[in-house]
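**Q** Count along the sequence shown from 1, then add 525; that gives the number in our numbering.
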Amino acid sequence: MIEILSPAKVQRARATGTLVADVLQDLRAQATVGTNLLDLDRWAARLIDEAGAQSCYVDYAPSFGRGPFGHHVCTAVNDAVLHGRPHDRTLADGDLLTLDLAVVLDGVAADAAISFVVGTARADESLRLIRTTERALAAGIAAAGPGARVGDLSHAIGTVLAEAGYAVNTEYGGHGIGSTMHQDPHVANTGRPGRGFRLRPGLLLALEPWVMTDTDQLVTDPDGWTLRSATGCRTAHSEHTIAITEDGAEILTLPTRGLSPLS
526 MIEILSPAKV
536 QRARATGTLV
546 ADVLQDLRAQ
556 ATVGTNLLDL
566 DRWAARLIDE
576 AGAQSCYVDY
586 APSFGRGPFG
596 HHVCTAVNDA
606 VLHGRPHDRT
616 LADGDLLTLD
626 LAVVLDGVAA
636 DAAISFVVGT
646 ARADESLRLI
656 RTTERALAAG
666 IAAAGPGARV
676 GDLSHAIGTV
686 LAEAGYAVNT
696 EYGGHGIGST
706 MHQDPHVANT
716 GRPGRGFRLR
726 PGLLLALEPW
736 VMTDTDQLVT
746 DPDGWTLRSA
756 TGCRTAHSEH
766 TIAITEDGAE
776 ILTLPTRGLS
786 PLS
């Protein structure tokens with residue numbers, strides 16, 4: 526299903542997007558050396574509940590998972606990149622952590638992800654991975670607007686990732702979003718321009734470039750959810766929800782405090 530939202534629903538999506546972004550920034554501040562992933566999940570649950578919203582993940586049970594997910598936020602560390610299921614793990618200095626959060630507020634969903642280094646940020650491959658996904662995300666957003674096609678966004682994202690030397694997995698990528706978290710169209714992280722669904726005002730998309738240092742192959746943890754790099758290399762993932770407008774694209778998941786994932 527491809528859902529085109531009314532102006533009133535897009536306005537509600539702005540509130541949802543701000544909530545997602547602010548919760549992610551709050552969790553980022555809490556994610557220090559010695560923090561347990563389960564504590565991050567508990568903090569996410571409290572913040573979401575206090576806002577009168579619901580996590581999209583708690584009851585999420587798609588065919589590819591061993592569901593329901595049963596937690597409020599995805600926490601992926603180092604070689605984990607997608608669907609990171611919170612578990613009893615304490616963060617260490619230098620860990621690369623990805624937080625991925627989707628919530629529904631007032632009937633409209635928004636989805637975003639940030640990657641960052643816990644503790645001491647070193648000028649190494651971790652920061653290069655993160656910055657590449659952020660640049661790819663910015664390129665995808667810049668390509669979005671009424672009349673553009675999904676392939677234009679995929680091409681823009683994939684060009685940045687490929688030029689940085691990373692292989693691109695096309696099994697998981699961005700997606701439509703609206704009254705539910707995952708909708709059509711699928712937005713692959715590489716593709717050919719001029720192909721696919723033509724974007725229209727009122728369409729919401731969650732764009733999410735992610736890469737792994739030296740592979741495009743994934744393996745699944747015994748938990749049935751957490752996806753890791755097949756080689757054990759580090760990974761990064763950046764995501765925003767955007768709304769297609771009459772004259773471009775609006776990022777809905779910008780925080781009101783802290784740093785934007787694109788800064």
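Beta carbons are placed, not taken as given, at the ideal position from N, Cα and C, and that holds for glycine.
If you're wondering where the values come from, they're calculated on a predicted model, not measured in any experiment.
Count the C-beta pairs between the stretch 731–744 and the stretch 558–577 that are closer than 8 Å, then say yes if the count reaches three, no if not.
**A** no
**Q** Check whether the Cβ atoms of Val545 and Leu662 lie closer than 8 Å to each other.
**A** The count along the sequence shown starts at 1 and reaches residue 545 at position 20. The count along the sequence shown starts at 1 and reaches residue 662 at position 137. The answer is no: Cβ separation not under 8 Å.
**Q** I need the DSSP call for Glu775, collapsed to helix, strand or coil.
**A** For the purposes of this step, residue 775 is taken as the residue at position 250 of the sequence shown. It is a strand residue.
**Q** Does the structure place the stretch 653–671 close enough to the stretch 594–602 that three or more beta carbon pairs sit under 8 Å?
**A** no
**Q** Starting from Ser679, trace the beta strand (DSSP E) both ways and give me its first and last residue.
**A** Numbered from its first residue, the sequence shown carries residue 679 at position 154. Counting along the chain, Ser679 falls outside any beta strand (DSSP E), though it belongs to the alpha helix (DSSP H) covering 675–688.
**Q** Excluding the 5 residues preceding and the 5 following Arg753 in the sequence, name in chain order all residues of the same chain whose CB lies nearer than 6 Å to its CB.
**A** Here residue 753 corresponds to residue number 228 of the sequence shown, with the count starting at 1. Once the five neighbours on either side are set aside, the close Cβ partners of Arg753 are Asp604, Ala605, Val744.
**Q** Could you give the distance in angstroms between the alpha-carbon of Thr781 and the alpha-carbon of Phe722?
**A** For the purposes of this step, residue 781 is taken as residue 256 along the sequence shown, with counting starting at 1. For the purposes of this step, residue 722 is taken as residue 197 along the sequence shown, with counting starting at 1. Approximately 32 Å, taken between the alpha carbons.
**Q** Quick one: grab the DSSP three-state call for His710.
**A** If you number the sequence shown from 1, residue 710 lands on position 185. The sequence as given places Pro at residue 710; His does not occur at that position. Strand, per DSSP.
**Q** Quick one: which unbroken beta strand (DSSP E) runs of 3-plus residues sit fully inside the stretch 579–636? Chain order, please.
**A** Runs of the beta strand (DSSP E) lying entirely within the stretch 579–636, each at least 3 residues long, are 599–602, 605–607, 621–630 in chain order.
**Q** Assuming Arg759 contacts Ser651 (C-beta within less than 8 Å), just tell me the rounded distance between them.
**A** Numbered from 1 along the sequence shown, position 234 holds the residue referred to as residue 759. Numbered from 1 along the sequence shown, position 126 holds the residue referred to as residue 651. Going by Cβ atoms, the distance from Arg759 to Ser651 rounds to 6 Å, so yes, they are a contact pair.
**Q** Could you tell me which of Gln742, Lys534, Gly670, Arg653 sits nearest to Thr695, measuring between CA atoms?
**A** Within the sequence shown, numbered from 1, the residue matching residue 695 stands at position 170. Taking only the C-alpha atoms, the option nearest Thr695 is Gln742.
**Q** Only counting the same chain, and skipping five residues up and downstream in sequence, which positions put a Cβ closer than 8 Å to that of Ala570?
**A** Within the sequence shown, residue 570 is the residue found at index 45, counting from 1. Closer than 8 Å at Cβ, skipping near neighbours: Ser580, His597.
**Q** Is the beta carbon of Ala761 sitting closer than 8 Å to the one on Leu621?
**A** If you number the sequence shown from 1, residue 761 lands on position 236. If you number the sequence shown from 1, residue 621 lands on position 96. It is a contact, given that the beta carbons lie within the stated cut-off.
**Q** Does the beta-carbon of Ser788 have 16 or more other beta-carbons within 10 angstroms, so that it is buried, or is it exposed?
**A** Counted from its first residue, the sequence shown places residue 788 at position 263. The predicted position of Ser788 is uncertain, since its pLDDT is 33 and thus under 50; no value can be drawn from it.
**Q** Are the beta-carbon atoms of Ala556 and Leu549 separated by less than 8 Å?
**A** Within the sequence shown, the letter at position 31 stands for residue 556. Within the sequence shown, the letter at position 24 stands for residue 549. No, Cβ-Cβ distance for Ala556 and Leu549 is not below 8 Å.
**Q** Spatial neighbours of Ser785 within its chain, please: CB distance less than 6 Å, with the 5 preceding and 5 following residues excluded, ordered by chain position.
**A** As a working note, residue 785 is residue 260 in the sequence shown. Residue placement at Ser785 cannot be trusted, given a pLDDT of 40 that sits under 50; what the coordinates show is reported in the next sentence. Hits under 6 Å: Leu779.
**Q** Assign Asp709 to buried or exposed, taking buried as 16 or more other Cβ atoms, counted over all protein chains shown, within 10 Å of its Cβ.
**A** Within the sequence shown, the letter at position 184 stands for residue 709. The residue in question, Asp709, is exposed, as its Cβ has fewer than 16 Cβ neighbours within 10 Å.
**Q** Quick check on the burial criterion: 16 or more other C-beta atoms within 10 angstroms. Buried or exposed for Val558?
**A** Along the sequence shown, one-based indexing puts residue 558 at 33. Exposed.
**Q** Could you check the C-alpha separation between Ala681 and Ala664 for me, to the nearest Å?
**A** Here residue 681 corresponds to residue number 156 of the sequence shown, with the count starting at 1. Here residue 664 corresponds to residue number 139 of the sequence shown, with the count starting at 1. Answer to the nearest angstrom: the Cα atoms are 6 Å apart.
**Q** Do you know offhand how far Glu771's Cα is from Asp748's?
**A** For this step, residue 771 is matched to residue 246 along the sequence shown. For this step, residue 748 is matched to residue 223 along the sequence shown. Note on geometry: alpha-carbon atoms of Glu771 and Asp748 lie some 43 Å from one another.
**Q** Go to Ala554, then tell me how far its alpha helix (DSSP H) extends in each direction, as first and last residue.
**A** Along the sequence shown, read from residue 1 onward, the residue named residue 554 stands at position 29. Counting along the chain, the alpha helix (DSSP H) containing Ala554 begins and ends at 532–555.
**Q** Considering just the uninterrupted stretch of the beta strand (DSSP E) at Leu724, what are its terminal residues?
**A** In the sequence shown, the residue the question calls residue 724 occupies position 199. Segment: none, Leu724 is in no beta strand (DSSP E) and carries neither H nor E.
**Q** Classify Ile573 as helix, strand or coil using the three-state DSSP reduction.
**A** What you label residue 573 is simply residue 48 of the sequence shown in a count that begins at 1. Helix at Ile573.
**Q** So the beta strand (DSSP E) Arg753 belongs to, where does it begin and stop?
**A** Working through the sequence shown from its first residue, we reach residue 753 at position 228. It spans 752–754 - the beta strand (DSSP E) in which Arg753 sits, taken as one unbroken run.
**Q** Excluding the 5 residues flanking Asp618 on each side, which residues of the same chain have their C-beta closer than 6 Å to its C-beta?
**A** Within the sequence shown, the letter at position 93 stands for residue 618. Excluding sequence positions up to five before and after Asp618, its CB lies within less than 6 Å of the CB of Val558, Gly644, Thr645, all in the same chain and listed in chain order.
**Q** Checking 8 Å against the spacing of the C-beta atoms, do Gly542 and Thr766 come in under that value?
**A** Stepping through the sequence shown from its first residue, residue 542 is reached at position 17. Stepping through the sequence shown from its first residue, residue 766 is reached at position 241. Yes; because the gap between Cβ atoms is below 8 Å, this pair is in contact.
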